[in-house]
Amino acid sequence: MTVEASVPPPADSAAGTRAGHYGFGAVLDSERIKIVSVRSTVWTLLATAVVGIGLSAVVTSAQAARYSARTAAAQQAFDPTHSSLSGILFAQLAIGVLAVLVVTAEYSTGTIRATFAAVPRRPLVLTAKVILFSVITFIVGEAVSFAAFLIGQGILSGKTPTASLSDPSAVRAVIGGGLYLVALGLLALGIATIIRHTAASISVFVGSLFVLPIIAAVLPSSYSDDISRFLPQQIGTVMTTAHYHGTDTFGPWTGFIILCAYAAAALMTGAALLLRRDA
Amino acid sequence: MSGDSLLIGGGALAKGGHGLHGLLGGHHGLRILLLVLAVAAAAVLVVALTRRARAARHTPKGRSAVPAAPTSAAGMPGHALAGSLRPASARRDGGAIVARGLSKHYGKKVAVDDLSFEVQPGHVTGFLGPNGAGKSTTMRMIMGLDAPDRGSVTVYGRPYHSLGWPLREVGALLEARSVHPGRSAYAHLWMLARTNNIARSRVDEVLEIVGLTSVAHQRAGQFSLGMGQRLGIAGALLGDPGVLLFDEPVNGLDTDGIRWVRQLLRDLAADGRTVFVSSHLMSELAQTVDHVVVIGKGHLIADLPIAEFTSRNAHGYVRLRSPQLDRLRPALEEAGAILTAGPDGSLLVHDLPVEKIGELAWQKSVLLYELAPQSASLEEAFIESTEGNLEFHGDPPLEAHGVSQP
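As given, the protein sequences belong to chains A and B, one line each in that order.
Following this note's numbering, the numbering of the first sequence begins with 1 at its first residue and continues without gaps.
Following this note's numbering, the numbering of the second sequence begins with 1001 at its first residue and continues without gaps.
Here you go:
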C-alpha cells in the first residue's frame, strides 16, 4: 500500500472537509477538455466552414452570372456584401448542431451525472459552456465570414459592383455574420438545455429558423411584416447586409440585441430548469 | 426584400448550374484556389484547437506525483490506493453518510419512502435489495443528482452540493455507462479531475489502479462492459475520496474482476474510508461486507452487522441420518425442534443446536450415520428478508440505528 507522503491531510480533515472550493476557471477548462476531446466538434466546425464559405461562393457566382439580366431596380438593390455572406444563413445549421450537442451529448451518454457530481453548482457548468462555445464560435464564425466576403468579392469583381473592407457598413455586415452565428448558436444551446434530447432540440431549433418564416409568410401581410422582423432568419439577413433598403425590419444592431435576448431567455429558462430537475 | 432574402437559397439552387459553371470556368481558377485556402485555414484552426488541448501541460496545484501502483504478478491490477490514511476514529461521532426520512417518487411510483440510515467509516456497507427497490435512487440523492421530495441526506454532515471539493470527498460509480463513447478514457478522467484541481498525474495513477493504462487513449465506446466498469471505478477513485459509493460495481465483470473489486472494497475500508456498495445479489457481496442496509420497495428492511443479519434472517439447521429416526423424533420435538423431511430420507432439524441433538441421540442410544450442521447462507437470509417484504410493512425495522421518527 503506497501512502501519499507529499500532501499532509488538511487540518480540518477530521471534520471531513477541506479548505477552499472548486472554481470557475477549472470548470471552464474542464469544458474545454470536453469539447476538444470529441469528434463532433471538429465535424460541425468543419461543416460550418465548408457550408459558410462554399455556399456563399456558389450563391455569389449565381448572382454574378444573372446580374446583367436583372432590372435596374434589382441591380440598385443588389448588396454585394450580403451576396458574399449568404452561406452564413446555412452555416447556422452546423453551428446549431454543435451547440445542441455540447449539452445533449452529456445527457444521452450519461456524462451529465459525472459532471454534476464533480460540479454540483450546475449553473457554473452552463456558464462555462456558454463562454467556451461563444469564444469558439466567434473565432470560427468571424474567420468564415471574412473568408466568404473576400472570396465573394473576388467572384463578383468585374461583373457587379463590389464591396470592400474600406466601407464601414461592409465591415459591420461581415463582423455581423460571425456575431449572428454566436447569438444563434447560444439560442440553440439554450433550447438544448431546456429539452435535453438531441433530435428534439435540433428539430425545435431548425423549426424556429425555417418553419416560422413559412408560417409568417402565409399570414396576412399586415401581420406578416410585424412578425417577420422578429424572426432570427430575418435578423440574420439584415445583419449580413451592408446597405439594407427595407423599412419593415429592425436595424442590424437592434436585431442583434433581440437575437441575444432570445438566447438569454432560452438560457435563463434552461438554467432555472437545470436547478429544479433531477439530473 | 425580405421575400428576396428568403428565396436566396432557392435561387442559388435554381441557378446552381450557372454558379458552378462560373466557378469552374477558366477565369476562376484563382477563386477556387482562394476557396480551398479558406476551407483549409478553417480546418487548420480546428486542428490547432484540438492539438492545443492534447499538448496542454496543466499541472494544477493539489496533490503531486505518486509512484505508480504496482501491478501484481498475476497480471491483475494492483490495488494500491495511494491515499492518505484516514483514521476511522476521526469520524466515529456520526455516520459519514446520514440519511433521514428520505423520500422520492417519480410520477405516481414511490421509489424511496421515509428511508433513514447511516453509513460508518472503516466498513464496507452493503446496500441490498431487489431490482427496483430504490437503491440507485438513494445513491443519486446522496450525490445531489436527484432531489428528495422529503427528508435529507448529508455527507460529513453537509449536503452534497455544499462540498468544496466534491470529488475529493465522495467518489461514485453510479452507472457503468456515464462516459461519452467518442471520448477516450483518459480525456474523460482528465476533464473530471480538472474541475476539482486534481493533478494530471492522478489520472495516470487511477488508470494504473484499474488496469486500463494500455487502453487509456482508446475511445470509451470500444470498451467492453467490464472495461467500462473499471473506468467508472477509476472515476470514483480519482479524488482519493474518504467516501465511496458503488452502484452494482461487479456488473459485467469476469471472475477475476469480481475478486479484484471485492479486494478493492476491503482495502478502501481498511484505509478508514466509508464504502457503500449496492447489489441486488447478496452472493456478490457476502464475503465482502461488514454491515448491510437492506431495502425493499423503498422501505428500510434491515440495518445490521452482517453476522447479525444472517443469524436473524436465515436459520441454520442440522441434517440428520439414522436408521432409527423414529425413536429420536419425539425427543427432538419435545426439546423444541422443528422437523422437516430432507433429501434421501434424512431429517432436517431446525431451532436446536447440534450439541443438544447429539446429546439426545446419546441418551436414546440412537445410531447416527450423519449429524451435519448446515449454516445459513447469506443469500437465503437476503431472500427471506426481502421476499414479500410487505410482511414487514408497518413493523419497525429490525434494528435501525438511524433515528426512527413516529
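For every residue, glycine included, the Cβ atom is placed at its ideal position computed from N, Cα and C.
Nothing here was measured: the structure is a model prediction, and the numbers come from that model.
Determine the extent of the beta strand (DSSP E) in which residue 1245 of chain B is found, giving its start and end residues. Per DSSP, residue 1245 of chain B belongs to the beta strand (DSSP E) from 1243 to 1247.
Run of the beta strand (DSSP E) containing residue 995 of chain B, from where it starts to where it stops: This structure leaves residue 995 of chain B out entirely; chain B is present only between 1001 and 1406.
Where the alpha helix (DSSP H) through residue 83 of chain A begins and ends: For residue 83 of chain A, the enclosing alpha helix (DSSP H) has its first and last residue at 80 to 84.
Any idea which residues DSSP pairs residue 1414 of chain B with across the strands? Residue 1414 of chain B is absent from the structure shown; chain B starts at 1001 and stops at 1406.
Per-residue DSSP class, three states only, for residue 162 of chain A: Of the three classes helix, strand and coil, the one that applies to residue 162 of chain A here is coil, per DSSP.
In this structure, does DSSP put residue 1291 of chain B in helix, strand or coil? The answer is strand: DSSP assigns residue 1291 of chain B an E or B state.
Put residue 96 of chain A into one of helix, strand or coil per three-state DSSP. In the three-state scheme derived from DSSP, where H, G and I count as helix and E and B as strand, residue 96 of chain A is classed as helix.
Within this structure, are the beta carbons of residue 156 of chain A and residue 86 of chain A separated by less than 8 Å? In this structure, residue 156 of chain A sits away from residue 86 of chain A, with a CB-CB distance that is not shorter than 8 Å.
What are the boundary residues of the alpha helix (DSSP H) that residue 1364 of chain B is part of? First-last for residue 1364 of chain B: undefined, no H or E at that position.
Any beta carbon of chain A sitting closer than 8 Å to that of residue 1194 of chain B? Yes, residue 1194 of chain B counts as interfacial toward chain A.
Three-state secondary structure assigned by DSSP to residue 1145 of chain B: In the three-state DSSP reduction, residue 1145 of chain B falls in the coil class, being neither helix nor strand.
Simplified DSSP state of residue 22 of chain A, which is helix, strand or coil: Residue state, collapsed to three classes: coil.
What span of residues does the alpha helix (DSSP H) with residue 1213 of chain B cover, start to end? Per DSSP, residue 1213 of chain B belongs to no alpha helix (DSSP H) and is neither H nor E.
C-beta neighbour in chain B for residue 16 of chain A, strict 8 Å: The predicted position of residue 16 of chain A is uncertain, since its pLDDT is 45 and thus under 50; no value can be drawn from it.
Between residue 1294 of chain B and residue 1095 of chain B, what straight-line distance do the alpha-carbon atoms span, to the nearest angstrom? Whole-angstrom Cα-Cα distance: 17 Å.
Please list the partners that residue 30 of chain A has in chain B, where partner means a Cβ-to-Cβ separation under 7 Å. In chain order: 1191, 1194, 1195.
Outcome for residue 1127 of chain B when other beta-carbon atoms lying within 10 angstroms are tallied against a minimum of 16: Classification of residue 1127 of chain B: buried, given that the 10 Å Cβ count is 16 or more.
Please go through the same chain and pick out, in chain order, the residues whose beta-carbon is closer than 8 Å to the beta-carbon of residue 213 of chain A, but skip the five residues on each side of it. If we look at residue 213 of chain A and ignore the five residues flanking it on each side, its Cβ neighbours are 228, 231, 233, 234.
List the endpoints of the continuous beta strand (DSSP E) containing residue 1112 of chain B. Taken as a continuous stretch (DSSP letters only), the beta strand (DSSP E) holding residue 1112 of chain B covers 1109 to 1119.
Cross-strand partners of residue 1157 of chain B (DSSP beta bridge): Per DSSP, none; premise fails for residue 1157 of chain B.
Whole-angstrom C-beta distance between residue 270 of chain A and residue 126 of chain A, which should lie under 8 Å: Between residue 270 of chain A and residue 126 of chain A the Cβ distance is about 7 Å, and since that is below 8 Å, they are a contact.
Quick check: what's the CA-CA separation for residue 1260 of chain B versus residue 1249 of chain B? Whole-angstrom Cα-Cα distance: 11 Å.
Do residue 152 of chain A and residue 182 of chain A have their C-beta atoms closer together than 8 Å? Against a cut-off of 8 Å, the Cβ pair of residue 182 of chain A and residue 152 of chain A comes out as no contact.
Can you look up residue 1125 of chain B in the DSSP assignment and give me helix, strand or coil? Note: residue 1125 of chain B maps to strand in three-state DSSP.
Nearest CA to the CA of residue 1197 of chain B: which residue from B:1338, B:1168, B:1228, B:1152? Minimum Cα distance to residue 1197 of chain B is reached at B:1168.
Can you give me the C-alpha to C-alpha distance between residue 1025 of chain B and residue 171 of chain A, rounded to a whole angstrom? Note on residue 1025 of chain B: pLDDT 39, under 50, position unreliable in the model; the coordinate value appears next. Each residue's CA atom was taken as its position, placing residue 1025 of chain B and residue 171 of chain A some 29 Å apart.
Are residue 1195 of chain B and residue 206 of chain A close, meaning C-beta to C-beta below 8 Å? Judged by beta-carbon spacing, residue 206 of chain A lies beyond the 8 Å limit of residue 1195 of chain B, meaning their Cβ atoms are not closer than that value.
With respect to the alpha helix (DSSP H) encompassing residue 51 of chain A, which residues constitute its N-terminal and C-terminal limits? Counting along the chain, the alpha helix (DSSP H) containing residue 51 of chain A begins and ends at 39 to 66.
Any C-beta of chain E sitting closer than 8 Å to the C-beta of residue 1095 of chain B? In the structure shown, chain E cannot be found, because the protein chains are A and B.
So residue 1112 of chain B and residue 1138 of chain B are in contact, right, with Cβ under 8 Å, and what is the actual spacing, rounded? Contact between residue 1112 of chain B and residue 1138 of chain B holds: CB atoms are separated by about 6 Å, below the 8 Å threshold.
Just tell me which of B:1272, B:1122, B:1103 has its CA closest to the CA of residue 1419 of chain B. Residue 1419 of chain B lies beyond the stretch modelled for chain B, which goes from 1001 to 1406, so this question has no answer here.
When we look at the beta-carbon of residue 223 of chain A and count the other beta-carbons within 10 Å, is it buried (16 or more) or exposed? The residue in question, residue 223 of chain A, is exposed, as its Cβ has fewer than 16 Cβ neighbours within 10 Å.
Specify the secondary structure class of residue 1382 of chain B as computed by DSSP and reduced to three states. If DSSP states are grouped into helix, strand and coil, residue 1382 of chain B belongs with the helices.
Do residue 1289 of chain B and residue 1306 of chain B count as a contact pair if the criterion is CB distance below 8 Å? It is a contact, given that the beta carbons lie within the stated cut-off.
Give the residues of chain A in contact with residue 1146 of chain B, contact being defined as C-beta atoms less than 8 Å apart. The answer, in chain order, is 278, 279.
Apart from the five residues just before and just after residue 1324 of chain B, which ones in its own chain have a Cβ nearer than 7 Å to its Cβ? The beta carbon of residue 1324 of chain B is closer than 7 Å to those of 1366, 1367 in its chain, skipping five residues each way along the sequence.
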